[in-house]
Amino acid sequence: MKRKLFLGALALASVLALTLTLFSSCTDKAAGKKKFSSYSMDYFDTVTTIVGYEHSQEDFDRVSDEILRELAEYHRLYTIYHRFEGLENLCTVNELSDGAHRTVKVDRRIIDMLLYAKEMYTLTEGRVNIAMGSVLSLWHTYRTLGTDDPENAALPPMDKLQAAALHTDIDKLVIDEENETVTLTDPQMTLDVGAIAKGYAAERIARSLEESGITGYVLNVGGNICSIGTKPDGTKWTVGIENPLGEEYLAYLALDGQCVVTSGSYQRFYYVDGRPYHHIIDPDTLMPAERGYLSVSVVCEDSGLGDALSTALFCLPKAEGLALIESIPEADAMWVEASGAKSYSSGWAQYVKE
Amino acid sequence: MNERKKAFPARFRNDMILIGVLLFLSLCLALYLFFFRGKGDTVKVTVDGEVYGVYALSEDRTEEIRDGEDYNLLVIRNGRAYMESASCPDGICVSHHAIHRDGESIVCLPNRVVVTVSAEGDGAPDIIS
């Protein structure tokens, strides 16, 4: 009898082994859903990646197209580089007519983002200042020229930068919530929302997906990663933090609904006299932030907050940055020094994949 | 008593055959997956969202991705893919490290080229920041 029981168990075990092998052969077979992904390079001057679990390519494409349609709308509203026929966006807000900025009636999504940006200015004590358009546009111009013509690459002259920096007072951005209008009361001031708009848009899109009952997706809008729920089998998303120095990731995070944003000197830069100059400009020095970091990553619940915080931390000395992040309970950060040495805020460990 | 004793080995044999067949099947499947699925790792190249080509990561090759004046020279060597050179002004794709894990990608924004790895295996992240 004992032997029979043993044989029965063995038979059961082999059937189990067979089923398990069959199942594991079809990747992440939970609920019969498979992993799909898509890329787009059309928005926010960066790459957008969408990863999601669906039953079929058609189901995935439907959601992916909807995400990109929304992203396109945010891009058209928030871009400072393009005008669109019949649309008031930040590009038209920045324009002068007869030597002054007009009062512009804008989409509610612009009002809400600008109000959020003002909050971020206060929270980061001015490290994230969307009123710095005049300074950032100088850098943008010189970076573009230097990239296209490396022989003649140059830095923006400091006197020009300092003159531009006189027109970066965020209080001169007047928002009328009632009438949904925006006015820049300093004619030499312009907006640049590069440090916040991508993250803010990604967050809004993630929330709208959630509201329509969609989960099992993760978005990456130029390094702003938003996870929507878990994977269909209930496991967390694995996010790799890119290491610009080598092939191994700096960290693996496990997320179920949070976002992560990385600001790095390697993401956008140009060379002047053989030296790289990156795109994150310190409002104090008006030069690329030099705190010795390769990158700073922030994990939190809101990608707009994460975007602002990662930029702010990249500009702040370590002790000040740590104090800032510890003052925000739901946010954590990892700093990576040029040497590759890493340090963390107190809650970071809870997101590290085991 | 004697008859019952005889009956045992017969059933025992059938059980053994069943178990043997099942074990053999799962072993074959496991071996197949272990040895052949890994070889199915591929590199997909898209230009402006259109698929340009899909290449095996296991075969060394050099592929010039040409789109009018623009070009990116993709090299696949020792199971890794990297951009050897490119016509883009910023060279960010060329400075990107070699990729081989599932979901890893090299992007050339100016030339609108995306190189992505599809690979089997655990441990690869779902998305990269």
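These protein sequences, in sequence, are chains F and W. Heads up: take any position in the first sequence, counting from 1, add 5, and you land on the numbering used here. Heads up: take any position in the second sequence, counting from 1, add 1267, and you land on the numbering used here. Here a beta-carbon is modelled for each residue, glycine too, at the ideal position from N, C-alpha and C. Computed from a predicted structure; not experimentally measured.
Spell out whether any CB of chain F is found under 8 Å from the CB atom of residue i.
i       : result
W:L1376 : yes
W:V1314 : no
W:R1379 : yes
W:S1396 : yes
W:A1365 : yes
W:D1337 : no
W:D1308 : no
W:D1357 : yes
W:D1393 : yes
W:R1280 : no
Tell me the DSSP secondary structure of residue i in three-state form.
i       : result
W:I1366 : strand
F:H145  : helix
F:G57   : strand
W:F1279 : helix
W:M1350 : strand
W:P1377 : coil
F:A338  : strand
F:C264  : strand
W:L1340 : strand
F:R113  : helix
F:R273  : coil
F:P249  : coil
F:C31   : Any answer about F:C31 is weak, because its pLDDT of 47 lies below 50 and its placement is not dependable; what the coordinates show is given next. In this structure, F:C31 counts as coil in the three-state DSSP scheme.
F:S332  : coil
F:P155  : helix
W:S1396 : coil
F:I135  : coil
F:T127  : helix
Compare the C-beta of residue i against all C-beta atoms of chain W and say whether one is closer than 8 Å.
i      : result
F:Y254 : yes
F:V265 : yes
F:M46  : yes
F:V56  : yes
F:G228 : yes
F:D261 : no
F:N225 : yes
F:V109 : no
F:K34  : With a pLDDT of 47 at F:K34, under the threshold of 50, the modelled position of this residue cannot be trusted; read the value that follows with caution. Taking Cβ atoms only, chain W never reaches closer than 8 Å to F:K34, which makes this a no.
F:V277 : no
F:S302 : yes
F:V52  : yes
F:Y257 : yes
F:D66  : no
F:D181 : no
F:D153 : yes
F:S61  : no
Throw me the rounded Cβ distance for the residue i and residue j pair, which I believe falls under 8 Å.
i       : j       : result
F:L189  : F:K165  : That pair is no contact at about 20 Å.
F:L258  : F:V244  : 4 Å
F:I201  : F:M125  : 6 Å
F:L299  : F:E342  : 7 Å
W:G1370 : W:P1392 : 6 Å
F:V266  : F:Y83   : The pair is not a contact, with the Cβ atoms about 16 Å apart (cut-off 8 Å).
F:A294  : F:C320  : 4 Å
F:L141  : F:I285  : Actually they are not in contact, since the Cβ atoms of F:L141 and F:I285 sit about 10 Å apart, beyond 8 Å.
W:V1310 : W:V1380 : Incorrect: roughly 12 Å between the Cβ atoms, too far for contact.
F:S350  : F:A338  : 5 Å
F:I175  : F:N134  : 6 Å
F:V187  : F:A206  : 17 Å between Cβ atoms; not a contact.
What residue does the alpha helix (DSSP H) around residue i start on, and which one ends it?
i      : result
F:Y356 : Run containing F:Y356: none; DSSP gives neither H nor E here.
F:K165 : 163-170
What are the boundary residues of the beta strand (DSSP E) that includes residue i?
i       : result
W:Y1322 : 1317-1323
F:S45   : 39-45
W:T1313 : 1309-1314
F:A348  : It is Ser, not Ala, that sits at residue 348 of chain F in the sequence shown. First-last of the beta strand (DSSP E) with F:S348: 347-349.
W:D1334 : 1328-1334
Where in the region 284-325 of chain F do unbroken runs of the beta strand (DSSP E), each at least 3 residues long, occur, reported from the N-terminal end onward? 298-305
Where the region 233-252 of chain F meets chain B: residues whose CB sits under 7 Å from a CB there: The chain inventory of the structure shown lacks chain B, comprising the protein chains F and W.
Within the region 70-107 of chain F, ranges of the alpha helix (DSSP H) (whole runs, at least 4 residues): 95-99
Length-filtered (4 minimum) alpha helix (DSSP H) runs lying within the region 182-231 of chain F: 202-216
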